[in-house]
Every structure is written in C-alpha cells, then in structure tokens.
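Chains as they are written, first to last, in the numbering used here: chain E, 3 to 113; chain P, 378 to 489. Ideal Cβ positions, reconstructed from N, Cα and C, are used throughout, including at glycine. Just below is one structure, and these are the notes that go with it.
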C-alpha cells in the first residue's frame, strides 16, 4: 500500500536557526497536506500542495512539492519557541478523505 | 460550533474488556476517520467512512469495529482490549472535495 516516510524523526535547534523536514512517498501523490501538532494537542491543518513543483509560503514557513509529486518539504526560517511541536505530512487518497501520514518530525527549539 | 468532539478524553481498560470511543461532528462532513498515534509511528489510519452507511478498513483495522449510521457520528469499538491497543486515538472529519481535515481532541487509552 501507499507509504509516506518522513525524516528526521527529531530535530533540536537553537532559536533563530532554520529547520527543514522532508517527506517521501512510495507512490505519486495527488496532493500532500501538512499538519502541526503542539505538545498534548491534536493535529491542525497548515497547508495543501497540489501542483508539481508547487511552492507556498506562510510567513516563515516554506512548503515545496516535488516535480514528480513524490516528495515534499517544510522549511522554517529563523525558528521561534512557538514553532515547537510535531510536523506531519500526509498524502491524500482521492475521493475518500483518507490521509496517509508520515511518522512526523518533532521540533524542539532552545531559547 | 463544536467541530469534532471525542469522548472520553481518558480511559483505562483491563485486558479483555470492550468499549466504544465516541466521535461526533456538527459540520455536516461526509468523510470521517479514526487514527491511532504511537511514539515514532505517526498517525495510522484504523477505519474511515465516506458517508453514512459506508465504512472501510485503513492500515491497522484488526481489533476495531466501526459503523456510520448517521452523518454526525462515527464510533470506534474495541472488541476485546489488548495492551497493544494502548495509544492516543484521534477522530477526524472533512468535507467531500475540500482540503482540510479537522481533528478531535483525542482519547488517551491505556489497557492494563
């Protein structure tokens, strides 16, 4: 079945440093979504990418979708303590609402 | 607007007991899903539904049953709890054709 792999599993950075998490799928994705989960919380939708090579920005967050639609990345510039949490990518299966999640990357930011 | 509501928030079960985790949404969403979250494993899909009366298995369905008799409710039943089912369970819903999935607050289940 469809698998989505995400690396790294953990990342510790000093506040102000950049952070990147990578997501790879075993199959071509129709689209990919990114979610953030704060410690003790539930996943919250950040963004969806649909087009090959698409790049979207949300303030300090940059999301990319690969040309082959099999990989994606999330880059955070100049991390802040409010960025702490686990970031998940998820491949969507068309017409089902079914999401296949990566393992997540847990970001710790030292002030 | 309550969104997705899960009950209970915490539960301790003995091995072999059965229970139902409740999930309700008030957004008239067609799609509903159950996930379990374990350390290092991300969110794994247990069962999902594309509408009332329609359910299908996800990645890890064994030991769980679901039904979808109404659009609003999607309960998850543990038939005979096992320690391996100790996890945090999330229910999610989304509208057909839309992008964003909305998650409930989660149920933390411990099986002893």
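Can you tell me which of the options puts its alpha carbon nearest to the alpha carbon of residue i?
| i | options | result |
| --- | --- | --- |
| residue 80 (chain E) | E:8, E:20, E:30 | E:20 |
| residue 460 (chain P) | P:388, P:429, P:477, P:481 | P:388 |
| residue 111 (chain E) | E:84, E:90, E:91, E:56 | E:84 |
| residue 430 (chain P) | P:413, P:418, P:409 | P:409 |
| residue 90 (chain E) | E:73, E:16, E:23 | E:23 |
| residue 435 (chain P) | P:413, P:417, P:446 | P:413 |
| residue 464 (chain P) | P:382, P:437, P:472 | P:437 |
| residue 385 (chain P) | P:396, P:379, P:428, P:480 | P:396 |
| residue 484 (chain P) | P:392, P:405, P:462 | P:462 |
| residue 100 (chain E) | P:447, P:411, P:489 | P:411 |
| residue 18 (chain E) | E:47, E:12, E:78 | E:78 |
Kindly say whether residue i, judged by its beta-carbon, lies nearer than 8 angstroms to any beta-carbon of chain P.
| i | result |
| --- | --- |
| residue 10 (chain E) | no |
| residue 14 (chain E) | no |
| residue 34 (chain E) | no |
| residue 41 (chain E) | no |
| residue 60 (chain E) | no |
| residue 100 (chain E) | yes |
| residue 21 (chain E) | no |
| residue 18 (chain E) | no |
| residue 110 (chain E) | no |
According to the Cβ coordinates, are residue i and residue j closer than 8 angstroms?
| i | j | result |
| --- | --- | --- |
| residue 449 (chain P) | residue 403 (chain P) | yes |
| residue 398 (chain P) | residue 452 (chain P) | yes |
| residue 30 (chain E) | residue 71 (chain E) | yes |
| residue 105 (chain E) | residue 5 (chain E) | no |
| residue 2 (chain E) | residue 32 (chain E) | Outside the shown range of chain E (3 to 113) lies residue 2 (chain E), about which nothing can therefore be said. |
| residue 51 (chain E) | residue 58 (chain E) | yes |
| residue 482 (chain P) | residue 44 (chain E) | yes |
| residue 469 (chain P) | residue 458 (chain P) | no |
Any beta carbon from chain E within less than 8 angstroms of residue i's own beta carbon?
| i | result |
| --- | --- |
| residue 404 (chain P) | no |
| residue 429 (chain P) | no |
| residue 481 (chain P) | yes |
| residue 449 (chain P) | no |
| residue 487 (chain P) | no |
| residue 484 (chain P) | no |
| residue 476 (chain P) | yes |
Going by the C-beta, is residue i closer than 7 angstroms to any heavy atom of the ligand MG?
| i | result |
| --- | --- |
| residue 451 (chain P) | As for the ligand MG, it is missing from this structure, which has no ligand bound. |
>> Using 8 angstroms as the cut-off, can you tell me whether the region 58-77 of chain E makes contact with the region 26-38 of chain E, which would need three or more C-beta pairs spanning the two stretches below that distance?
In response: Counting Cβ pairs under 8 angstroms, three or more are found: they touch.
>> When you compare the region 436-445 of chain P with the region 411-428 of chain P, are there three or more beta-carbon pairs, one atom per stretch, that lie closer than 8 angstroms?
In response: yes
> Using Cβ-Cβ distances below 9 angstroms, what residues of the region 401-426 of chain P are close to chain E?
Replying inline: 406, 407, 408, 409, 410, 412, 414, 417, 418, 419, 420, 421, 422, 425, 426
> Which residues, in order along the region 453-469 of chain P, keep a beta-carbon less than 7 angstroms from a beta-carbon of chain E?
Replying inline: 467
> What residues in the region 379-395 of chain P have a beta carbon less than 8 angstroms from any beta carbon of chain E?
Replying inline: Residues passing the 8 angstroms Cβ filter: none.
> If you measure beta-carbon to beta-carbon, which residues of the region 44-68 of chain E are closer than 8 angstroms to chain P?
Replying inline: 44, 45, 46, 47, 50
> Can you list, in chain order, the residues of the region 82-94 of chain E whose Cβ is nearer than 7 angstroms to any Cβ on chain C?
Replying inline: Of the protein chains in the structure, E and P, none is chain C.
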